[in-house]
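K.L.:
Before I ask anything, let me first share the structure, which is written out below as structure tokens.
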Amino acid sequence: MIDRALLRDNPDLIRENLRKRHMDYDLDTLLALEARRRELLQVENLRAQRNDLSKQIGQIIREGGNAEKLKTQVHALAEEIANQEQELGEVETRFEGMMAALPNILHPEVPEGESEEQNVELHRWGESRSFEFEPKPHWELGEALGILDWERAAKMASARFVMDLGAGAALERALINLMLDTHTRKHGYTEVSPPLLNNERSAFGIGVLPKFEEDLFKTREGLYLVPTAEMPLTNIHQDEILEGEKLPLCYTAYTPCFRSEAGAAGRESRGLIRLHQFHKVELMKYVRPEQADAELEKLLRNAETILEMLEIPYRRMALCSGDMGFQPRQTFDLEAWMPGMGKYVEISSCSQYGDFQARRAGIRFRPEPEAKPEYVHTMNGSGLACGRTVAAILENYQTEQGTVVVPEALRPYMGGLPEILPRLP
RNA sequence: GGAAGGGUGGCCGAGUGGUCGAUGGCGGCGGUCUUGAAAACCGUUGUGCCGCAAGGCACCGGGGGUUCGAAUCCCUCCCCUUCCGCCA
21 MIDRALLRDN PDLIRENLRK RHMDYDLDTL LALEARRREL LQVENLRAQR NDLSKQIGQI
81 IREGGNAEKL KTQVHALAEE IANQEQELGE VETRFEGMMA ALPNILHPEV PEGESEEQNV
141 ELHRWGESRS FEFEPKPHWE LGEALGILDW ERAAKMASAR FVMDLGAGAA LERALINLML
201 DTHTRKHGYT EVSPPLLNNE RSAFGIGVLP KFEEDLFKTR EGLYLVPTAE MPLTNIHQDE
261 ILEGEKLPLC YTAYTPCFRS EAGAAGRESR GLIRLHQFHK VELMKYVRPE QADAELEKLL
321 RNAETILEML EIPYRRMALC SGDMGFQPRQ TFDLEAWMPG MGKYVEISSC SQYGDFQARR
381 AGIRFRPEPE AKPEYVHTMN GSGLACGRTV AAILENYQTE QGTVVVPEAL RPYMGGLPEI
441 LPRLP
């Protein structure tokens with residue numbers, strides 16, 4: 021949610037923002053609703069009159085007088101108030117609905133562009149190994165090694181699920197532990213193990229509701245399976261006023277993530293890239309506005325550190341205006357090199373939201389002990405997506421025999437296992 | 001799932017249908033006293049919206065209703081606690 025004051029003070033900025041995002045949005049209707057809403061605020065005068073007369077009635081009755089005439093007068097006034105309040109309510113509902121669907125204002129440094137094609141590569145790390153053989157995609161490797169099983173996952177669940185077995189399951193568990201240990205012990209994040217079903221308010225708070233309900237799995241009880249730990253982590257401090265000196269607050273969580281992937285049929289359907297359930301270690305910060313850019317850079321470095329520890333080549337991309345999501349004001353993707361697939365694949369997405377989510381979720385802080393509360397800035401990023409990291413390891417560390425060497429950094433977490441060999445049935 | 005009791009300001013906790021945005025306590029802030037501190041005492045201390053301001057409006061879990069007037073009465077939903085049942 022953006023600041024209402026912007027609508028009045030700088031509608032052109034919003035219009036320009038929509039243009040950069042290549043988004044269709046009926047801003048004129050929103051502006052008209054806002055104007056009407058403000059007109060209707062004059063009901064407050066009527067309410068003031070009513071309050072005043074009611075007080076007089078109380079006074080008269082206490083003194084034993086007859087207040088019938090006044091009562092009739094107030095009754096008529098109340099009807100008029102009710103009429104205006106009804107229109108105000110309708111206008112407000114429409115206004116709020118449209119506000120909730122208005123995308124965030126972009127950070128000035130977001131490159132302008134229409135689609136993925138215009139994303140800007142900022143830097144690369146690591147060299148791709150040279151292969152003396154044709155490197156295989158991870159799904160072939162995983163299947164041949166018997167550590168990834170799509171067929172049985174589909175049998176017990178449906179397509180777009182996977183089951184990890186043996187060293188595959190152990191590899192993912194090792195990754196989770198490496199990431200959490202690094203982020204908590206070296207990077208100063210507090211580990212969280214949050215509820216994986218969140219309510220509507222929390223989904224609204226991060227901006228996936230009301231616009232993106234079809235992407236979520238919903239229970240009969242009306243709760244949503246978390247599509248990312250961003251949802252519970254951002255709602256830890258929902259409706260709270262934080263102490264300024266405690267910021268930034270840094271949290272990390274390992275969670276499964278559930279996405280319906282509606283409308284994704286046929287896209288990148290193979291392997292570990294796009295699943296209904298995947299696992300992710302998330303990084304999340306609540307910061308003061310002036311800290312935001314620097315803290316996002318640190319967060320990016322925290323995520324990149326994991327890729328460097330695993331010695332997986334990657335590049336950092338700045339998403340362009342047309343490729344960015346609805347909620348963030350700036351997004352950087354980390355893309356891991358996948359030799360088997362022959363391309364870079366997103367393995368982490370790190371975004372800052374300004375006060376967009378804080379406004380929706382009601383998260384504020386006091387800059388000084390006695391000062392007025394202000395909205396915090398929120399940001400988060402994957403650190404990293406586990407399934408895609410497994411894929412990157414399989415593809416980067418594969419041998420000609422189809423086995424996979426275990427990265428040095430992971431061996432202590434896998435009982436010293438140096439290499440993943442075909443699993444015996 | 002069944003039964004009972006609750007949801008009030010940063011926290012605890014009062015609250016009669018009318019001067020209650022809400023008594024009181026704790027905590028916070030300012031002050032008096034003190035060499036300093038503690039104690040004691042005095043004052044102050046919610047949020048949002050509209051407004052240059054004065055001020056006005058709204059908010060006592062959410063929504064609806066009764067009434068001239070609702071924190072207070074009625075309906076409904078949600079949440080929490082305790083007991084019972086079930087259960088990793």
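Here the numbering used here is used: position 371 in the first sequence is 391, and no number is missing along the way. Cβ atoms here follow ideal geometry from the backbone N, Cα and C, with glycine treated the same way.
Please report the straight-line C-alpha distance between G342 and F224, rounded to a whole angstrom.
P.N.:
Between G342 and F224, the C-alpha separation is close to 23 Å.
K.L.:
Would you kindly check if the distance between the Cβ of N139 and the Cβ of A381 is under 8 Å?
P.N.:
no
K.L.:
Compare the C-alpha of H296 against each of I413, E317, M183 and R335 and name the closest.
P.N.:
Nearest Cα to H296 within the set I413, E317, M183 and R335: M183.
K.L.:
Helix, strand or coil for T275, going by three-state DSSP, please let me know.
P.N.:
strand
K.L.:
Is DSSP giving H95 helix, strand or coil here?
P.N.:
helix
K.L.:
If you reduce the DSSP assignment to three classes, tell me which class R349 lands in.
P.N.:
coil
K.L.:
May I ask you to verify whether the stretch 43 to 61 touches the stretch 111 to 123, counting CB pairs closer than 8 Å and requiring at least 3?
P.N.:
yes
K.L.:
Report all residues from its chain with a CB closer than 8 Å to the CB of L262; omit the five preceding and five following residues, and keep chain order.
P.N.:
L269, Y306, I383, R384, F385, R386 and V396
K.L.:
Going by other Cβ atoms of all chains shown within 10 Å of its Cβ, with 16 needed for buried, is F278 buried or exposed?
P.N.:
buried
K.L.:
Starting from R221, follow the alpha helix (DSSP H) in both directions and report where the run begins and ends.
P.N.:
Counting along the chain, R221 sits inside the alpha helix (DSSP H) bounded by residues E220 to I226.
K.L.:
Using the three-state DSSP reduction, which class does H42 fall into: helix, strand or coil?
P.N.:
coil
K.L.:
Taking the alpha-carbon positions, what's the K238 to F151 distance?
P.N.:
45 Å
K.L.:
Taking 7 Å as the cut-off, is the beta-carbon of K392 closer than that to any non-hydrogen atom of the ligand SAM?
P.N.:
As far as ligands go, the structure on display features none, and thus does not contain the ligand SAM.
K.L.:
I think K40 touches L126, with their Cβ atoms under 8 Å apart; what is that distance to the nearest whole Å?
P.N.:
Indeed they touch by this definition, with Cβ atoms about 6 Å apart.
K.L.:
Scan the stretch 121 to 170 and note each continuous beta strand (DSSP E) run of 3 residues or more that stays entirely inside, going in chain order.
P.N.:
140 to 145
K.L.:
Suppose contacts are defined by Cβ-Cβ distances below 8 Å. Is P359 in contact with N416 by that definition?
P.N.:
Yes.
K.L.:
Which same chain residues end up closer than 7 Å to G291 when comparing Cβ atoms and leaving out the 5 residues on each side of it in sequence?
P.N.:
P157, H158, W159 and A411
K.L.:
DSSP three-state call for V426: helix, strand or coil?
P.N.:
Three-state DSSP puts V426 in coil, outside helix and strand.
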